[in-house]
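Enquirer: I am attaching a structure below and will ask some questions about it afterwards.
Numbering (the numbering used here), first residue to last: 35 to 138.
What follows is the structure, encoded as structure tokens:
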């Protein structure tokens with residue numbers, strides 16, 4: 035057995051794979067996967083960071099949509115009951131009225 039085959043057999047035994055899988059195509063494929071996963075611009079860590087940012091922005095968007103719908107409901111309520119709002123919240127009254135505040 036040549037030195038190259040012995041080395042190939044020892045490496046295959048060390049990695050726990052058969053020596054048939056240890057060829058230039060599998061080595062290049064493995065190196066490519068490692069490169070893409072860890073060293074490329076769009077690696078696993080950047081993907082996870084972007085995924086977290088997207089989730090945070092989506093939850094913020096849902097909250098803002100809820101706030102917008104609540105503001106629209108308040109606007110509709112205010113337009114229909116502006117006198118009630120002025121009397122209760124701003125303590126406005128007619129000149130001949132008295133205001134009595136009761137704490138609960």
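The beta-carbon is built from N, C-alpha and C at its ideal position, and this holds for glycine as well.
Computed from a predicted structure; not experimentally measured.
Look at the Cβ atom of residue 119, then the Cβ atom of residue 112, and state whether they are nearer than 8 angstroms.
Expert: Their beta carbons are under 8 angstroms apart, which means residue 119 touches residue 112 by this criterion.
Enquirer: In chain order, what residues of the same chain lie with their CB nearer than 7 angstroms to the CB of residue 52, ignoring the 5 residues before and after it?
Expert: Excluding residues within five positions, the ones whose Cβ falls inside 7 angstroms are 46.
Enquirer: Considering just the uninterrupted stretch of the alpha helix (DSSP H) at residue 41, what are its terminal residues?
Expert: Start and end: 37-49.
Enquirer: Roughly how many angstroms lie between the CA atoms of residue 105 and residue 95, to the nearest whole one?
Expert: Going by the C-alpha atoms only, they are around 15 angstroms apart.
Enquirer: Does DSSP put residue 135 in a helix, a strand or coil?
Expert: It is coil, neither helix nor strand.
Enquirer: Measure the Cβ-Cβ separation of residue 56 and residue 40 and say whether it is below 8 angstroms.
Expert: Against a cut-off of 8 angstroms, the Cβ pair of residue 40 and residue 56 comes out as no contact.
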